[in-house]
Amino acid sequence: MSVIKVNNITNETGTAGPVFAGITTVSSTGFMTLPAGPTEYRGGRGRGLWVGGLTPSAVNTVEYITISTQGNALDFGDLVSAQYENACCASSVRGLSAGGSNPGVINVIEYVTISSTGNAFDFGDLILSRGFLASLSNSSRGIWGGGTVPGPFRTDKIDYVTIASLGNAFNFGDLTLNRRRITACASPIRGIFFGGLNDPTRNNIIDYITISTTGNAIDFGDVLLEIDTTNGCSNSVRGVFGGGRLNPSASTNVIQYITIASTGDAIDFGDLTQARVNGYALSSPTRGVFAGGYLLPSPITVYNTIDYITISSTGNAQDFGDLSSTRYDGYGCSDAHGGIGD
539 MSVIKVNNIT NETGTAGPVF AGITTVSSTG FMTLPAGPTE YRGGRGRGLW VGGLTPSAVN
599 TVEYITISTQ GNALDFGDLV SAQYENACCA SSVRGLSAGG SNPGVINVIE YVTISSTGNA
659 FDFGDLILSR GFLASLSNSS RGIWGGGTVP GPFRTDKIDY VTIASLGNAF NFGDLTLNRR
719 RITACASPIR GIFFGGLNDP TRNNIIDYIT ISTTGNAIDF GDVLLEIDTT NGCSNSVRGV
779 FGGGRLNPSA STNVIQYITI ASTGDAIDFG DLTQARVNGY ALSSPTRGVF AGGYLLPSPI
839 TVYNTIDYIT ISSTGNAQDF GDLSSTRYDG YGCSDAHGGI GD
């Protein structure tokens with residue numbers, strides 16, 4: 539093998555270099571690595587999806603936004619079936635939606651490729667059919683916890699899947715308390731479950747798990763208010779939760795946050811532009827975005843509003859744009875959330 543050490547090679551006119559035939563190796567402190575593989579598997583890193591919900595009829599709608607910009611949501615494709623009370627999570631490549639109602643509770647898991655557009659495909663099944671569950675993920679695992687089930691009405695079960703493969707969910711462990719109307723978020727290491735309803739009691743419980751292991755959830759701290767149907771998102775440092783139901787006839791616009799790597803009680807962050815329950819949330823490393831939902835008390839006022847915050851700061855939400863229609867009881871996910879890492 540010949541070794542050539544040069545600083546610069548060009549042809550006589552200085553417009554191009556020579557062609558090396560055969561196997562060529564380069565040892566250099568300055569280099570470029572070209573991307574490999576299909577475009578859809580490189581990750582868009584900054585797209586958010588709004589999935590399913592009620593308008594008040596159940597919809598199979600999937601819409602998307604570019605989180606770093608502002609503007610209205612655009613059509614992405616359709617779920618296999620119309621559903622609401624579902625829960626979504628994602629890697630940098632795939633978005634998964636699981637559970638929900640149609641109108642009875644279901645155990646179906648569906649997936650889309652986030653960087654493209656198109657309809658969802660069947661992924662597998664949850665261990666339990668349930669709705670009003672919560673979901674979180676890191677770059678490899680998707681996890682669902684709690685929810686509404688037939689009979690006892692609520693569960694403490696936690697399921698998980700490997701997002702890159704297809705198949706049915708496996709048992710992960712249990713929450714500290716049976717509950718439904720719960721929400722979640724994650725860092726690459728920890729998953730957080732926040733609030734919920736242990737009929738008829740709303741609770742202020744925050745639980746956490748270590749995503750890469752299996753086992754039961756552990757107490758993290760307390761929510762500012764006893765709350766359910768709030769909406770959660772995160773970067774790799776902070777978990778942020780906006781809106782929610784304080785009692786059967788009152789909704790809130792309060793945003794609260796935690797530091798995921800520690801334990802402790804939630805702290806006030808600011809306010810959403812509107813008090814709401816049963817909306818959607820998703821995030822990038824810098825922004826949290828909240829959409830849809832409705833205002834209590836009855837008669838119900840349903841929103842198509844999209845708000846955003848800067849996660850690393852505190853303060854009130856600002857207008858981002860609109861969903862294509864007023865709706866609620868769906869879920870959001872993104873290819874750049876805190877569980878994937880900054």
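In terms of my numbering, the sequence shown is residues 539 to 880.
In this text, a Cβ means the ideal position worked out from N, Cα and C, and glycines have one as well.
Source: prediction; values computed, not measured.
- The Cβ-Cβ distance between residue 633 and residue 646 does not fall below 8 angstroms.
- Of the residues 691, 703, 616 and 624, the one whose Cα lies closest to the Cα of residue 631 is 703.
- Around the CB of residue 755, 16 or more other CB atoms lie within 10 Å, so the residue is classed as buried.
- For residue 764, no beta strand (DSSP E) run applies, since DSSP gives it neither H nor E.
- Excluding residues up to 5 positions away in sequence, 832 lie with their Cβ nearer than 8 angstroms to the Cβ of residue 838 in the same chain.
- Taking C-beta atoms as the reference points, residue 789 and residue 780 fail to come closer than 8 angstroms.
- Here residue 713 carries a coil assignment [DSSP, helix/strand/coil].
- If you ignore the 5 residues before and after residue 665, its C-beta comes within less than 8 angstroms of the C-beta of 645, 695, 697, 706, 707, 708 and 709, all in its own chain and listed in chain order.
- With contacts defined by Cβ atoms closer than 8 angstroms, residue 591 and residue 814 do not form a contacting pair.
- Taking C-alpha positions only, residue 867 is separated from residue 873 by approximately 21 angstroms.
- By the criterion of a C-beta distance shorter than 7 angstroms, residue 861 is surrounded in its chain by 588, 601, 611, 829, 830, 842 and 844, once the five residues flanking it on both sides are discounted.
- Less than 8 angstroms separates the beta-carbon of residue 742 from that of residue 760.
- According to the DSSP secondary-structure assignment, residue 847 is paired through a beta bridge with 826.
- In the structure shown, residue 601 falls within a strand segment according to DSSP collapsed to helix, strand and coil.
- When the five nearest sequence neighbours on each side are left out, the beta carbons in the same chain lying within less than 6 angstroms of the beta carbon of residue 671 are those of 625, 637, 682, 684 and 685, in order along the chain.
- The beta carbons of residue 629 and residue 648 sit no closer together than 8 angstroms.
- Excluding five sequence positions before and after residue 749, the CB atoms of its chain that fall closer than 6 angstroms to its own CB belong to 676, 679 and 729, given in chain order.
- A Cβ-Cβ separation of about 7 angstroms places residue 653 in contact with residue 585 under the 8 angstroms criterion.
- In its chain, beyond the 5 residues on either side, 773, 776, 778, 821, 824, 825 and 826 have a beta carbon closer than 7 angstroms to the beta carbon of residue 849.
- Only buried fits residue 807, as 16 or more other CB atoms lie within 10 angstroms of its CB.
- For residue 661 and residue 700, the gap between their C-alpha atoms comes out near 11 angstroms.
- A Cβ-Cβ distance of about 5 angstroms is found for the pair residue 783 and residue 766, placing them in contact under the 8 angstroms criterion.
- Following the DSSP letters along the chain, one finds residue 648 inside the beta strand (DSSP E) bounded by residues 646-651.
- For residue 604, the closest alpha carbon among the candidates 812, 613 and 689 is that of 613.
- Less than 8 angstroms divides the Cβ of residue 858 from the Cβ of residue 846.
- If the five residues before and after residue 622 are omitted, its C-beta is found closer than 7 angstroms to the C-beta atoms of 590, 591, 592, 596, 638, 639, 867 and 868, all from its own chain and listed in chain order.
- Around residue 752, the same chain offers 710 and 711 as residues with beta carbons nearer than 7 angstroms, after the five sequence neighbours per side are excluded.
- With a cutoff of 8 angstroms on beta-carbon distance, residue 725 and residue 793 are scored as not near each other.
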